[in-house]
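Quick mapping for you: the protein sequence lines, in order, are chains A and B. Residues in the first sequence are numbered consecutively from 2, following this note's numbering. Residues in the second sequence are numbered consecutively from 320, following this note's numbering. Remarks on the structure that follows.
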Amino acid sequence: MSRLESALADLRLADTLAARDTGLSRLDPRAKIVTTLAFLAAVVSYERHTVVALLPFLLYPVALVSMGEVPWRWLARKLALAAPFAVLMGIANPVLDRAPLEVAHGVTMAGGWISFGSILLRFALTVTAALAVVAGTGMHALCAGLAALGTPRVFTAQLLFLWRYAFVLGGEGARMATAREARGGRGSPTLAVYGSLAGHLLLRAFERAERIHRAMLARGFDGEIRPSRALRWSSRDTVFVVGWVAFFVAARAVYLPLLLGRLLTGLGG
Amino acid sequence: MHMADALLSPAVGGAMWVASAATLAVCARKVSARSEDRIVPLMGVLGAFVFAAQMINFAIPGTGSSGHLGGGLLLAILLGPSAAFLAIASVLTVQALFFADGGLLALGANLFNIGVLPCFVAYPLLYRPLAPAGSSRARVGIAASVAAVGGLLLGATGVVLQTVASGISSLPAGPFLALMLPIHLAIGLAEGLATAALVLFLAKARPDLLPAAPAPLRRRSLAGFAVAAALVAGVLSWFASPQPDGLEWSIARAAGMAELKAPEGGMHGSMARLQSTTALLPDYDLPASRAAAQGEAAWPEVNAGKSFAGLVGALATLGLVVAAGFALRRRR
Numbered sequence: 002m003s004r005l006e007s008a009l010a011d012l013r014l015a016d017t018l019a020a021r022d023t024g025l026s027r028l029d030p031r032a033k034i035v036t037t038l039a040f041l042a043a044v045v046s047y048e049r050h051t052v053v054a055l056l057p058f059l060l061y062p063v064a065l066v067s068m069g070e071v072p073w074r075w076l077a078r079k080l081a082l083a084a085p086f087a088v089l090m091g092i093a094n095p096v097l098d099r100a101p102l103e104v105a106h107g108v109t110m111a112g113g114w115i116s117f118g119s120i121l122l123r124f125a126l127t128v129t130a131a132l133a134v135v136a137g138t139g140m141h142a143l144c145a146g147l148a149a150l151g152t153p154r155v156f157t158a159q160l161l162f163l164w165r166y167a168f169v170l171g172g173e174g175a176r177m178a179t180a181r182e183a184r185g186g187r188g189s190p191t192l193a194v195y196g197s198l199a200g201h202l203l204l205r206a207f208e209r210a211e212r213i214h215r216a217m218l219a220r221g222f223d224g225e226i227r228p229s230r231a232l233r234w235s236s237r238d239t240v241f242v243v244g245w246v247a248f249f250v251a252a253r254a255v256y257l258p259l260l261l262g263r264l265l266t267g268l269g270g
Numbered sequence: 320m321h322m323a324d325a326l327l328s329p330a331v332g333g334a335m336w337v338a339s340a341a342t343l344a345v346c347a348r349k350v351s352a353r354s355e356d357r358i359v360p361l362m363g364v365l366g367a368f369v370f371a372a373q374m375i376n377f378a379i380p381g382t383g384s385s386g387h388l389g390g391g392l393l394l395a396i397l398l399g400p401s402a403a404f405l406a407i408a409s410v411l412t413v414q415a416l417f418f419a420d421g422g423l424l425a426l427g428a429n430l431f432n433i434g435v436l437p438c439f440v441a442y443p444l445l446y447r448p449l450a451p452a453g454s455s456r457a458r459v460g461i462a463a464s465v466a467a468v469g470g471l472l473l474g475a476t477g478v479v480l481q482t483v484a485s486g487i488s489s490l491p492a493g494p495f496l497a498l499m500l501p502i503h504l505a506i507g508l509a510e511g512l513a514t515a516a517l518v519l520f521l522a523k524a525r526p527d528l529l530p531a532a533p534a535p536l537r538r539r540s541l542a543g544f545a546v547a548a549a550l551v552a553g554v555l556s557w558f559a560s561p562q563p564d565g566l567e568w569s570i571a572r573a574a575g576m577a578e579l580k581a582p583e584g585g586m587h588g589s590m591a592r593l594q595s596t597t598a599l600l601p602d603y604d605l606p607a608s609r610a611a612a613q614g615e616a617a618w619p620e621v622n623a624g625k626s627f628a629g630l631v632g633a634l635a636t637l638g639l640v641v642a643a644g645f646a647l648r649r650r651r
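In structure tokens:
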């Protein structure tokens, strides 16, 4: 059951991080969502053997992490937990793609190793950027931003409900599992036990939904959840969006590391 | 089973986003139009239940391994497909945002593989006909297992098709599929057992909570799904062949794949052809293939000066990024 408890602790930590007042959290959520989507589009638009040209894009997640004061240790742990899938999917590349590519003068590598490196770098870029934005924004602001950008209200309400009751039902699930262990239950329950364990949790979920619905009706619920605070777009947000998108376009159009290297060494061309 | 950003090309990721967002919009409209506003908190709390239940394992007899609930099929049985899709979509979104499962660009693909396929294919086409109202316990169990397995195999096929069409990973379709399908057969059986256990428990404890009459599959929702599927198939097929990387999987193998997905193959094919004649797709095609062509062309020309400059530049870029990180942190 440690899995459920640690997942909840993780969610709570993300919420705590987002509740702080940082340079990142003060930005309008819409600005962060739009810029991050532009970032993702730019990163994944590269050809599959790209490694070096992707390096300038590290600036965006690094800036987010710094602005949002997101702890690197937390981020690294998240990355490590999510990494196996990307590694699994990419690890076959060196075996399958043996066509040699000249990466530097006189140095050739199998194309597969380069594309594997590219997959890992893409993974690190996209995951860090998304996690940093979430940790610097929080679920409520994020949902308000999504709604303002045209996401159906029913869905943002659904996200907020899920967010609220994941803690409640997750906590109940964790307590049930603890109770089972306290009575001598070891390992994973059998299917029959699972049926009634998870079944009772499901019953509680239904009953809770019933109570919440009555409480909401009593408070004048009409099928829509309204944001508690209006979003305010400031010039800071415009600068953030325009500046970053301009950077992504520049990095996409110009091979920045090579340009920099030429400036520094006076070679090439 | 979650698709990841790192493996998706923008064309495939974008196409899946369009398909899933369209489905989400249609489902949201249908759910808002429902007269009972009771559904809103119910969806939310059941979404939270699935979120929690995914982390409770049970032992699979005789194997020593354990399984857990996926949730898409269970939600479809309890809420009907539209509300179920919204609920499972919210679970996947939270997982993508907070646990980096998949990623934001891949969210469209994941919503499709784990949400649309179980809710709008496996539930109406497998579960409902196999377990009509008033079915015996054994029948409900078998129907849930068959539908769960069907949904997961479709989802796994989706992952393979999206990965291969993206061309970032070098995995060829055939062996990849041969690897994914048996794994997901096992996962699907576990999910089916968990779903059946919960449905049967509920039927015994609180039969009033199970929807009594099967929600009839409305023609319009089927049409909406068909359009989304055709759009996806159309966009995927458009991009599959002009991949510049010389993927070994040939048109012949792609045709073999189409046969594997037989149930909708005919419709997919004809809708895809219809779709590829519309004006929208060529627009999508342009930037991606142009970018790819540029990338390919940049590779062969390597000389000593350029590669040294490149190496220095790469290191300098990293240095600048680290410095910028510190500078931004200091300033506060």
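Positions of the beta carbon are idealized from the N, C-alpha and C atoms, including for glycine. Model, not experiment: these values are computed from the prediction.
_For A/GLY246, tell me which candidate among A/ARG220, A/ALA32 and A/GLU182 has the shortest Cα-Cα distance._
In the sequence on display, residue 246 of chain A carries Val and not Gly. Cα-wise, what sits closest to A/VAL246 is A/ALA32.
*Output yes if chain B places a C-beta closer than 7 Å to the C-beta of A/HIS214; else output no.*
yes
_Does A/PRO101 come out as helix, strand or coil in the three-state DSSP assignment?_
strand
*Assign B/ALA325 to one of two classes, buried (16 or more other C-beta atoms within 10 Å of its C-beta) or exposed (fewer than that).*
buried
*Which residues in the same chain have their Cβ closer than 6 Å to the Cβ of B/HIS503, if we skip the five residues on either side of it in sequence?*
LEU471, LEU472 and ALA475
*asked:* Could you check whether the Cβ of B/SER339 sits closer than 7 Å to any Cβ belonging to chain A?
replied: no
*Using a cut-off of 7 Å between C-beta atoms, extract the partners of B/GLY303 located in chain A.*
Residue coverage of chain B in this structure runs from 320 to 651, which leaves residue 303 of chain B outside it and unanswerable.
*Under 7 Å between C-beta atoms of B/ALA450 and B/ALA462*: yes
*Can you check DSSP and say which residues form a bridge with B/VAL369?*
Paired residues: none, contrary to the question.
*asked:* Could you tell me which whole beta strand (DSSP E) segments of length 3 or greater appear in the region 379 to 418 of chain B?
replied: none
*Are the Cβ atoms of B/PHE417 and B/CYS438 separated by less than 7 Å?*
no
*Return the bridge partner residues of A/LEU111 from the DSSP annotation.*
The amino acid occupying residue 111 of chain A in the given sequence is Ala; Leu does not appear at that position. A/ALA111 pairs with A/PRO101.
*Short-range partners of chain C found in the region 350 to 376 of chain B, where Cβ spacing is below 8 Å*: Going by chain labels, chain C is absent from the structure shown, which instead holds the protein chains A and B.
*Are the beta-carbon atoms of B/LEU394 and B/ALA408 separated by less than 7 Å?*
no
*the region 251 to 270 of chain A touching the region 631 to 643 of chain B, judged by at least three CB pairs closer than 8 Å*: yes
*Around the C-beta of B/PRO494, are 16 or more other C-beta atoms found within 10 angstroms, so that it is buried, or is it exposed?*
exposed
_Using DSSP's beta-bridge definition, name the partner residues of B/PHE377._
B/GLY386
*Can you name the start and end residues of the alpha helix (DSSP H) that A/PRO85 belongs to?*
73 to 91
*Cβ neighbour criterion (16 or more within 10 Å) applied to A/GLU208*: exposed
*asked:* Measuring straight from C-alpha to C-alpha, what distance separates A/PHE40 and B/ALA524?
replied: 50 Å
*Going by Cα to Cα distance, which pick from B/PHE645, B/SER401, B/LEU426 and B/ALA367 is closest to B/PRO443?*
B/SER401
*asked:* By alpha-carbon positions, which one of B/MET374, B/TRP336 and B/PRO526 ends up nearest to B/HIS387?
replied: B/MET374
*Considering B/ILE487, what are the terminal residues of the alpha helix (DSSP H) in which it resides?*
B/ILE487 -> no alpha helix (DSSP H), and no H or E assigned at all.
*Cα-Cα, which of A/GLY188, A/ILE120 and A/LEU9 is closest to B/LEU490?*
A/ILE120
*B/HIS503 versus chain A: which residues are under 7 Å apart at the beta carbon?*
Correct list: empty, because the minimum Cβ distance to chain A is about 14 Å.
*Return yes when the Cβ of B/ALA467 is within less than 7 Å of the Cβ of A/TYR166, no when it is not.*
no
*Neighbour flag for B/ASP527 against chain A, beta carbons, 7 Å*: no
*How far does the alpha helix (DSSP H) with B/LEU517 in it reach, from first residue to last?*
492 to 524
*Could you check if A/GLY221 is buried or exposed, using at least 16 other CB atoms within 10 Å of its CB as the buried criterion?*
exposed
*Report yes if the CB atom of A/ARG49 is closer than 7 Å to the CB atom of B/ILE396, and no otherwise.*
no
*Are the beta-carbon atoms of A/ILE34 and A/GLY151 separated by less than 7 Å?*
no
*Report yes if the CB atom of A/GLY137 is closer than 7 Å to the CB atom of A/GLY69, and no otherwise.*
yes
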